[in-house]
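**Student:** I'd like to ask you about the structure that follows.
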Amino acid sequence: MILLIALICSLVTFSGAQSAFPLPDTYGAAVAAGTPAWLQLAGTELAGGPSARRSSAVGYDSTNGLLLIFGGTDNGRGAGPCTVLGDTWALDVFALTFASEGVIDPASVRWVEIPGVEGSTAPEPRFSMVSGVSQATGQFVIATGDTKGCNGAEKFVNDVWALDLGRVTALVRQGQTSVSYWTKLAANGADGAPAGRYGGGGGIYPTSSLLVTTHGFDQTTRFSDAFSFDLVSRTWSKLADNVRPYTRDKPHGRCLTAGDMVSPTTYVMYGGCLSGGGTGGPCPSWDGWKFDITDGSWTMLDACPTARSWAGVARLPRISSGLPDAAVVYGGAENEKNVMIQFQESPATEANFLDVASGSWLRTSLPVGGSTSLLKRNSAEMTTVDSVPSGQLAGLKGVIAFGGAVTGGSSSTGLASDVWMMLVPDTWAIPDADTCSAETVRKNKGFSLAALHGVFMALSWGFFLQIGHFVARYCRTKDPLWFHVHRVCQWGGAVLALVGVALVFAGANNITVNWAHAVIGVVVILLMLIQVGVASARPHKDSKRRWMFEAQHWWTGRLALVLALVNCSLGVFVILAPTWAIGLWFGWLGTVVLAYVVAEVFTRVKKLTLTGLWPSMAAPVKAGDEKSTV
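The number in our numbering is simply the position in the sequence shown, starting from 1, with 176 added.
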């Protein structure tokens, strides 16, 4: 009941306008002020360029000014035939020229396809992989991914491939060809490698030779472990083990998350899908984390952006500025089937900037150059532009977003292959703005079916069924009133529990019963159904078999109630319940346990008193009375 009241109060509280920091509202003013703005570098499906797609690998070579694209899928997140792509492209950023302020001349957009034999001299086609550019080794690197997708049984890989940036530059600038551009650094199943997966996060800091990857999914398991791959020694190392889904200080298993290395030792991750695959929780999720690869420790970030999966995360250019490490979260799928109430969605131009050291966020919409609209999207891949050494874009820095599944526009597939650059000067410090008040954070989280499942189960097993059992155990002096109260509470609790089960099937993306919360939940529901069935067919009070019913009914009910309380206690951690909700639940749980203890002690003392086995509380023996209390 407490949780239901809190939910109602939350629904009332979650009203109001979205907060945002007022940056310049035009492209020209933003550029003049040295603040972020959007600039389109290339349109969708230009002649001679890559096809529309999502979930590609993207990297930017700051030394040579090349944007690199590999793979992806042309499935617009819907059912039906699709193609998993294995082509490699380079966009010459040096060659781009302005047609007018904030508008790139389409004639200057030059894509070059990098040749290779898929699965032989180039990686096997795949999507939703981990990638990054190492300027230290001169390589664009990809790892993991799904090579089948919607074409049949998925095939998840853990091999590592590297694209030689020097050879690609020679091809793009001089037309100089090479026998091969890709090199396989590690085969599938290499020693120490993570399990094959897709939908994980990771990246490479440009001055480092380590590829970091964490989390992801393989259709049966949502991972939460972390690994690094040394590009020089070509070996895998484990950085952190899988996390139990009941911890509060580490990120639970998930897929469809996004992240990037913001320093040589710090990785930042945001959102994802926590439902299914041996775990549970919101899908999409709103939690963000930073990971120290030196000691394997996780630190939870303050909440701010809306809950989302398929988002993009990239570090801001900070290598030469001396400003604190920072990252940006952009795009993503917010209104998924697990979301019951979406209180607000982010606009297409919104960016969420994170100061990594302080943990503070800036949420704001950015102006767009030219007349082309930036479409809202998810599954766009992002990479950092530390420098454009030459050309008309020389000196520009920021973050590039490529393609993705878009909302609106003229694409029949709902996909894009356009290139947008979020101009972020490396001298721009994130303002200390209050864009993430408590009200804003609550609105951004929304309310998921997983959370509603928790509310129904708490009302069922934490309130109604406990009251019904309590009355039957300790309040039988008022006959038949106790029985009517017991029956109403038990039937009401059973109905609420069944609704809670239905919510699991309605909201979960992939239901698995191979983890404690799910196993206990199945056992509890089966015990409840046995109770309902046996109670409906119970023998009459005078029946010789009545004792069998009473023994079964008592002990089955007690077992179900105890297991349910344990499972609800696990559940508040699974759904990432806020601190106040955890406090309410365990406060109520303590009240229930205390009530049982007091009532049980009172009942037993009373029984001993009536039977004369508690002398100190028995009535005194009158003189001459022949009966003894002993």
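Beta carbons: idealized from backbone N, C-alpha and C, even for Gly.
Roughly how many angstroms separate the alpha carbons of residue 737 and residue 717, rounded to a whole number?
**Tutor:** The alpha-carbon atoms of residue 737 and residue 717 are separated by roughly 25 Å.
**Student:** Inspect the beta-carbon positions of residue 550 and residue 582 and report whether they are closer than 7 Å.
**Tutor:** For residue 550 and residue 582, no; Cβs fall outside 7 Å.
**Student:** Anyone know if the C-beta pair for residue 591 and residue 302 falls short of 7 Å?
**Tutor:** No, the pair does not count as a contact, with Cβ atoms beyond the cut-off.
**Student:** Which runs of the beta strand (DSSP E) spanning at least 3 residues fall entirely within the region 427 to 500, listed in chain order?
**Tutor:** For the region 427 to 500, whole beta strand (DSSP E) runs of length 3 or above, ordered along the chain, are 434 to 437, 442 to 446, 464 to 468, 473 to 476 and 488 to 491.
**Student:** Between which two residues does the alpha helix (DSSP H) harbouring residue 526 extend?
**Tutor:** Counting along the chain, residue 526 falls outside any alpha helix (DSSP H), though it belongs to the beta strand (DSSP E) covering 526 to 531.
**Student:** Name the two residues that bound the continuous beta strand (DSSP E) containing residue 378.
**Tutor:** Element bounds for residue 378: 377 to 380.
**Student:** With DSSP as the reference, label residue 776 as helix, strand or coil.
**Tutor:** Residue 776: helix per DSSP, three-state reduction.
**Student:** Are the region 442 to 454 and the region 550 to 564 touching, with three or more C-beta to C-beta distances below 8 Å?
**Tutor:** No contact exists between the region 442 to 454 and the region 550 to 564.
**Student:** Which residues mark the beginning and the end of the beta strand (DSSP E) in which residue 405 is found?
**Tutor:** Its beta strand (DSSP E) spans residues 398 to 406.
**Student:** Just to confirm, are residue 540 and residue 510 a CB contact at a threshold of 7 Å?
**Tutor:** No; because the gap between Cβ atoms is not below 7 Å, this pair is not in contact.
**Student:** Per DSSP, which one or two residues make a beta bridge with residue 307?
**Tutor:** For residue 307, which the question treats as bridged, DSSP gives the partners 318.
**Student:** Rounding to the nearest angstrom, what Cα-Cα distance links residue 213 and residue 271 in this structure?
**Tutor:** Cα to Cα, the separation comes out at about 21 Å.
**Student:** If residue 533 and residue 500 are in contact, beta carbons under 8 Å, what's the gap, nearest whole angstrom?
**Tutor:** 5 Å between Cβ atoms; contact.
**Student:** So is residue 461 buried or exposed if we call it buried at 16+ other beta carbons inside 10 Å?
**Tutor:** Its Cβ being crowded by 16 or more others within 10 Å, residue 461 is buried.
**Student:** Do you know whose CA, among 298, 535 and 672, lies nearest residue 608's CA?
**Tutor:** Nearest of 298, 535 and 672 to residue 608, Cα basis: 535.
**Student:** What is the rounded straight-line gap between the Cα of residue 571 and the Cα of residue 422?
**Tutor:** If you take the alpha carbons of residue 571 and residue 422, they lie about 47 Å apart.
**Student:** Three-state secondary structure (DSSP) at residue 663?
**Tutor:** In the structure shown, residue 663 sits in a helix (DSSP, three-state: H, G or I).
**Student:** Can you give the Cα-Cα distance for residue 370 and residue 237, rounded to whole angstroms?
**Tutor:** Distance between the alpha carbons of residue 370 and residue 237 is about 27 Å.
**Student:** Based on Cα-Cα distance, which residue from 347, 275 and 318 lies nearest to residue 289?
**Tutor:** Ranking 347, 275 and 318 by Cα distance to residue 289 puts 347 first.
**Student:** Within 10 angstroms of the Cβ of residue 557, are there 16 or more other Cβ atoms? Answer buried if so, exposed if not.
**Tutor:** Its Cβ being crowded by 16 or more others within 10 Å, residue 557 is buried.
**Student:** Determine, using beta carbons only, whether residue 332 and residue 235 come nearer to each other than 7 Å.
**Tutor:** The answer is no: Cβ separation not under 7 Å.
**Student:** Do you know how far the Cα of residue 283 is from the Cα of residue 380?
**Tutor:** Their Cα atoms are separated by approximately 32 Å.
**Student:** So, at 6 Å on beta carbons, what are the nonlocal neighbours of residue 305 in its own chain, with the 5 sequence-adjacent residues on each side left out?
**Tutor:** Closer than 6 Å at the Cβ level, and outside the excluded window around residue 305, lie 233, 318, 320 and 321.
**Student:** Say whether the region 471 to 478 touches the region 411 to 429, bearing in mind that this needs 3 or more beta-carbon pairs closer than 8 Å, one atom from each stretch.
**Tutor:** In short, these stretches touch, since the Cβ pair count reaches three.
**Student:** Identify whether residue 539 lies in helix, strand or coil by the three-state DSSP scheme.
**Tutor:** Reduced to three states, the DSSP call for residue 539 is strand.
**Student:** Between residue 336 and residue 405, is the Cβ-Cβ spacing less than 7 Å?
**Tutor:** Contact flag set, yes.
**Student:** Between the C-alpha atoms of residue 704 and residue 465, what's the straight-line distance to the nearest angstrom?
**Tutor:** Roughly 39 Å between the two C-alpha positions.
**Student:** Rounded to whole angstroms, what is the Cα-Cα separation between residue 765 and residue 267?
**Tutor:** Roughly 60 Å separates the two Cα atoms.
**Student:** Assuming the contact rule is C-beta atoms closer than 8 Å, residue 377 and residue 434 should be a hit. Round their C-beta distance to whole Å, please.
**Tutor:** That pair is a contact at about 6 Å.
**Student:** Alpha carbon to alpha carbon, how far is residue 479 from residue 463?
**Tutor:** If I take the Cα positions, the gap works out to 6 Å.
**Student:** Can you give the Cα-Cα distance for residue 569 and residue 604, rounded to whole angstroms?
**Tutor:** Spanning the two alpha carbons is a distance of roughly 18 Å.
**Student:** Name, in chain order, the residues that DSSP records as bridge partners for residue 211.
**Tutor:** In the DSSP output, where bridge partners are listed per residue, residue 211 has none listed.
**Student:** According to DSSP, which residues form a beta bridge with residue 578?
**Tutor:** For residue 578, which the question treats as bridged, DSSP gives the partners 557 and 595.
**Student:** With a CB to CB cut of under 6 Å and the five nearest residues on each side skipped, what residues in its chain are close to residue 665?
**Tutor:** The answer, listed in chain order, is 640, 643 and 644.
**Student:** Who pairs with residue 203 in a beta bridge, going by DSSP?
**Tutor:** In the DSSP output, where bridge partners are listed per residue, residue 203 has none listed.
**Student:** Going by C-alpha distance, which of 439, 783, 220 and 507 is nearest residue 496?
**Tutor:** When only C-alpha atoms are compared, the closest one is 439.
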